[in-house]
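Colleague:
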Amino acid sequence: INNKLQPLVLALQCILRTLAFGDVGGGNQRLAAPQVGVLYRIVVFDVDDVEKCLVNPEILSSCQEKDTGNEGCLSIPNRWYDVERSLKIKVRANSLQGENLNFALQGLAARVLQHEIDHLNGILICDHGVEITGSYRQY
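Positions in the sequence shown are counted from 1; adding 424 to them yields my numbering.
1. Determine, using beta carbons only, whether Leu549 and Ile513 come nearer to each other than 8 Å.
2. Pull up the distance between the alpha-carbon of Glu495 and that of Ala457, whole angstroms please.
3. Which stretch, first to last residue, makes up the alpha helix (DSSP H) that contains Leu544?
4. Is the beta carbon of Leu520 sitting closer than 8 Å to the one on Glu489?
5. So, helix, strand or coil for Cys550, using DSSP?
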């Protein structure tokens, strides 16, 4: 991993924390770099005591058991979608230091990382979810 990425990731983490405590992000604690115009495959998130900065994350496998939950997105403000996601995933990525990472996630952390990896692949929740009317949300 190039040392030039370190300041970039610090900036993403600052944006993430601003969104988490501000009105704009609605309490978001996750961000894919392309959402803020940074064209790198980097995701930062802090969910359910799982805090990660991932470079080039990819889902290696996902369980067949799925759950439909509603999701919002900074890229599509004030709109919510029911999206089906796998309950458990296995992931490969690099750390900012270049270390190879292999790990499993489940529940909300798995849902969040699937959402963010979709961003890296140019996919938004409106591409495969059903829009919800009203302001109800789970995450």
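Even for Gly, the Cβ is constructed at its ideal location relative to N, Cα and C.
Modeller: The answer reads as follows:
1. Locating residue 549 in the sequence shown gives position 125, where the first residue counts as 1. Locating residue 513 in the sequence shown gives position 89, where the first residue counts as 1. Per the sequence shown, the amino acid found at residue 549 is Ile instead of Leu. It is not a contact, given that the beta carbons lie outside the stated cut-off.
2. Walking along the sequence shown from the start, residue 495 turns up at place 71. Walking along the sequence shown from the start, residue 457 turns up at place 33. The straight-line gap from Cα to Cα measures roughly 19 Å.
3. Residue 544 sits at position 120 when you count from the first residue of the sequence shown. Its alpha helix (DSSP H) spans residues 531–544.
4. In the sequence shown, counting from the first residue as 1, residue 520 sits at position 96. In the sequence shown, counting from the first residue as 1, residue 489 sits at position 65. Not in contact: Leu520 and Glu489 (Cβ atoms no closer than 8 Å).
5. Here residue 550 is taken as the residue at index 126 of the sequence shown, counted from 1. Helix, per DSSP.
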